[in-house]
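Numbering (our numbering), first residue to last: 28 to 139. Each residue gets a CB set at the ideal place from its N, CA and C atoms; glycine is no exception. Structure first, then comments.
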């Protein structure tokens, strides 16, 4: 019988995988960069900066929000998005823990 991923992997590993998945698309990385530069942004403004449709930008924002990296506030008919300080602190912590656990790779023994 197969084991469900919630039983096979730690909560931290699942959380880190969600963050990695959210950042696994270049459009989402671009959105994060734009939000970091502006400190806050309206979704419509992001569409003007990216070669993507409004619905595509909204989907990417939804993924970033689900991972806790972005937060949004409703302002009438618009939603204003910004980076989540708590989400980014958690992502840094998770990634830092992983990198600290991994040994440095050995020097290659071949001349390739």
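Problem - Alpha-carbon spacing of residue 109 relative to residue 136, whole angstroms - result: Between the alpha carbons of residue 109 and residue 136 lies a distance of about 47 Å.
Exercise for the section: Check whether the Cβ atoms of residue 96 and residue 115 lie closer than 8 Å to each other. Expected result: yes
Problem - DSSP state of residue 105 mapped onto helix, strand, coil - result: strand
Exercise for the section: For residue 121, collect the residues of the same chain with a Cβ closer than 7 Å to its Cβ; drop the 5 residues on either side in sequence, then sort them by chain order. Expected result: 39, 42, 43 and 46
Exercise for the section: Go through its chain and collect everything with a Cβ distance to residue 49's Cβ below 8 Å, but skip five positions before and after it. Expected result: 55, 90, 91, 93, 94 and 96
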